[in-house]
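The numbering of the sequence shown is my numbering, which starts it at 1026 and goes up by one.
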Amino acid sequence: MSPILTAFARSPDRGQGLARDMRVRWALEELGVSYDVQLLSFAEMKQPAHLARNPFGQIPTWQDSGKTLFESGAIVLHLAEQQAGLLPREPDARMRAIMWIFAALNTVEPPIVERSMAWVLEREQPWYAQRLPMLDERVHARLAPLSAWLGKAPWLDGEFSAGDLMMVSVLLRLRSSGFLDEYPALATYVNRATQRPAYQRAFAAQRAVFQRG
C-alpha cells in the first residue's frame, strides 16, 4: 500500500501552490517517492477520522506503514532522513541543512504569514493602514539578512537541500506582494528553485486538484 498524503480538496490559495501539502509533494518528487493523495474538505478536516491524524484538524498529514505524521516541516524532515537526496551525507552540512528548515519555519515564515493574514482579515478595518508599516518592517527584517547571507550563491549552504525547499516554500507567499522585487538575490533564488523539474511536477499535481474542483 502506497503512503498517503492528505491535502485540500479545495485549496484556499486557488491553485497557486501555497498550501502546505505542496512542500511535501515537492519533497516527494525530489526523492522519487510514489504516494497517494486523500483529498479532504474543510468539514472533513474537523471530523474524528482526520482529528485522529492531526488533533488540530489541518493538512497535510502523512501516513506510511501504520505510522502518521503531521506538520509539513516534520514530514519533509522525516522523508529527507529516509531517502537520499535532500540532506547532505556529511554530518556538519546535514546539521546546517536541518537548521535552515527550522529557520524557514520559525524565523522567516511567521512575519510573512502575519502580514498575509492581516491583508485577508483586516484590510477593511480602520486600523489596517496604521498597522501595515509595522507588518512590512517585520518582513523586511527577515528578508534583508537572508538576502545578505545568500549573496550570489545558488543555495543557502552548498547543494540544494530540504532547507532550500522549505525556505523557498515560505518565500513564495511573497511573490505577488512585490517584496521579492526589492531583493534580487532572493527573487533569483526562488525562480531557480521553482524551475526544478520536481517542483514543476509537484505544482502541476496540486494545481490539477484545483482545476478539477
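A virtual CB, placed ideally from N, CA and C, is assigned to each residue, including glycine.
None of the values given here were measured: they were computed from a predicted structure.
Item to check | Straight-line Cα distance separating residue 1139 from residue 1150 | outcome: As a first step, residue 1150 is located in the sequence shown; it is residue number 125 there, counting from the start. As a first step, residue 1139 is located in the sequence shown; it is residue number 114 there, counting from the start. Each residue's alpha carbon lies about 16 Å from the other.
Next on the checklist: I'd like to know whether the C-beta atoms of residue 1094 and residue 1105 end up nearer to each other than 8 Å.
Outcome noted: Walking along the sequence shown from the start, residue 1094 turns up at place 69. Walking along the sequence shown from the start, residue 1105 turns up at place 80. Not in contact: residue 1094 and residue 1105 (Cβ atoms no closer than 8 Å).
Next on the checklist: Does the structure place the stretch 1181 to 1196 close enough to the stretch 1209 to 1228 that three or more beta carbon pairs sit under 8 Å?
Outcome noted: Touching, per the Cβ criterion.
Next on the checklist: Pairs of beta-carbons, one from the stretch 1030 to 1037 and one from the stretch 1053 to 1068, closer than 8 Å: are there three or more?
Outcome noted: Yes, they touch.
Checklist entry - Is it buried or exposed for residue 1115, if we count other Cβ within 10 angstroms and need 16 for buried? => result One-based indexing of the sequence shown puts residue 1115 at position 90. Counting the other Cβ atoms within 10 Å of the Cβ of residue 1115 gives fewer than 16, which makes it exposed.
Checklist entry - Residues in its own chain within less than 6 Å of residue 1208 by CB, not counting five upstream and five downstream? => result Mapped onto the sequence shown, residue 1208 falls at position 183. Only 1168 and 1172 meet the Cβ criterion.
Next on the checklist: Need the endpoints of the alpha helix (DSSP H) that residue 1190 sits in, please.
Outcome noted: Translated into the one-based positions of the sequence shown, residue 1190 becomes position 165. Counted as a single uninterrupted DSSP element, the alpha helix (DSSP H) harbouring residue 1190 occupies residues 1187 to 1196.
Checklist entry - Is it true that the CB of residue 1137 sits closer than 8 Å to the CB of residue 1198? => result Locating residue 1198 in the sequence shown gives position 173, counting from the first residue. Locating residue 1137 in the sequence shown gives position 112, counting from the first residue. A contact, by the Cβ cut-off of 8 Å.
Checklist entry - Taking just the CA atoms, how far does residue 1078 sit from residue 1090? => result Within the sequence shown, the letter at position 65 stands for residue 1090. Within the sequence shown, the letter at position 53 stands for residue 1078. Looking at the backbone, the Cα of residue 1090 and that of residue 1078 are separated by about 14 Å.
Item to check | Nearest to residue 1059 (by Cα), restricted to the options 1144, 1026 and 1145 | outcome: Along the sequence shown, read from residue 1 onward, the residue named residue 1059 stands at position 34. The residue from 1144, 1026 and 1145 with its alpha-carbon nearest to that of residue 1059 is 1026.
Checklist entry - Given residue 1100, which residues of its chain have a CB within under 6 Å of its CB, disregarding the five upstream and five downstream residues? => result For this step, residue 1100 is matched to residue 75 along the sequence shown. For residue 1100, where only same-chain residues beyond five positions count, the Cβ hits under 6 Å are 1049, 1087 and 1094.
Checklist entry - With a Cβ-Cβ cutoff of 8 Å, do residue 1218 and residue 1176 count as a contact? => result The residue given as residue 1218 occupies position 193 in the sequence shown. The residue given as residue 1176 occupies position 151 in the sequence shown. Their beta carbons are not under 8 Å apart, which means residue 1218 does not touch residue 1176 by this criterion.
Checklist entry - Among the residues of its own chain, which have a CB less than 8 Å from the CB of residue 1047, if the five just before and after it don't count? => result Within the sequence shown, the letter at position 22 stands for residue 1047. If we look at residue 1047 and ignore the five residues flanking it on each side, its Cβ neighbours are 1194, 1227, 1228 and 1231.
Item to check | Sequence-distant residues of its chain with Cβ nearer than 7 Å to residue 1181 (five each side left out) | outcome: By 1-based counting over the sequence shown, the position of residue 1181 is 156. Only 1125, 1175, 1188, 1189 and 1192 meet the Cβ criterion.
Checklist entry - When the Cα of residue 1202 is compared with those of 1152, 1037 and 1164, which residue comes out closest? => result Position 177 of the sequence shown, counted from the start, is the residue given in the question as residue 1202. For residue 1202, the nearest C-alpha among the options comes from 1164.
Checklist entry - Between which two residues does the beta strand (DSSP E) carrying residue 1062 extend? => result Translated into positions along the sequence shown, residue 1062 becomes position 37. For residue 1062, the enclosing beta strand (DSSP E) covers residues 1061 to 1065.
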